[in-house]
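Peer 1: The structure that follows is given in the form of structure tokens.
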């Protein structure tokens, strides 16, 4: 995750993540260890109504840019629920290692991304969020907010 501070999640994302992590646990997913760490972070997360989440926080539906601190390479993704994920369209599943590492992080956080070859250190440069309904979070009004450094 991003830092020793607690992550910030909407009530909708929190409930859906808990449900999905429980499913991962029962299926023996290869990302089980990372899922266990995320489950622990969920216990200490700041959980707020969706309309109270700061625009600087990554949540499902956010488009974010990270910069690799070693290579300076930048990547931009939209965080999505697994059923809406499509990496070729830049839609990253929240249940991938990077998705689990970035959820709840804030702009300017340093993120440790565990990969098979070791840990990559990323910097969260920007976040924008469209309040268009997400599959697990219907009911938002259309609109958008954004923040970048």
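Residue numbers (UniProt numbering): 1 to 149.
For glycine and all other residues, C-beta sits at the position ideal for the given N, C-alpha and C.
1) Decide if residue 88 is buried, meaning its Cβ has at least 16 other Cβ atoms within 10 Å, or exposed.
2) What is the DSSP secondary structure of residue 13, counted as helix, strand or coil?
3) Suppose you measure from the CA of residue 78 to the CA of residue 95; what does that come to, to the nearest Å?
4) For residue 100, is the classification buried or exposed, using 16 other Cβ atoms within 10 angstroms of its Cβ as the cut-off for buried?
5) Thinking C-alpha only, which one of 15, 71, 33 and 84 is nearest residue 50?
6) Applying the 10 Å Cβ sphere with the 16-neighbour rule, what's the burial state of residue 61?
7) Given a cut-off of 8 Å, decide if residue 40 and residue 7 are closer than it, judged by their beta-carbon atoms.
8) Can you look up residue 149 in the DSSP assignment and give me helix, strand or coil?
9) In this structure, does DSSP put residue 73 in helix, strand or coil?
10) What alpha helix (DSSP H) runs, 4 residues minimum, are completely inside the stretch 71-130?
11) Using alpha carbons as the reference points, say which of 71, 111, 120 and 107 lies closest to residue 56.
12) Please state the DSSP three-state secondary structure of residue 33.
13) Taking the alpha carbon of residue 119 as the reference point, which residue from 91, 63 and 69 has its own alpha carbon closest?
14) Hey, how far is the Cα of residue 71 from the Cα of residue 98?
15) Hey, out of 45, 127, 34 and 11, whose CA is closest to residue 114's CA?
Peer 2: Quick answer:
1) Residue 88 comes out exposed.
2) Helix.
3) Here the alpha carbons of residue 95 and residue 78 stand approximately 13 Å from one another.
4) That one is buried.
5) Per the Cα distances, 15.
6) Burial call: buried.
7) 8 Å or more divides the Cβ of residue 7 from the Cβ of residue 40.
8) Residue placement at residue 149 cannot be trusted, given a pLDDT of 36 that sits under 50; the coordinates are not used to answer.
9) Residue state, collapsed to three classes: coil.
10) Inside the stretch 71-130, DSSP marks whole alpha helix (DSSP H) runs of 4 or more residues at positions 97-102, from first to last along the chain.
11) Per the C-alpha coordinates, the member of 71, 111, 120 and 107 positioned closest to residue 56 is 107.
12) The three-state reading of DSSP puts residue 33 in helix, counting H, G and I together.
13) Closest option to residue 119, judged by alpha-carbon separation, among 91, 63 and 69: 69.
14) Approximately 17 Å, taken between the alpha carbons.
15) Checking every option, the nearest Cα to that of residue 114 belongs to 34.
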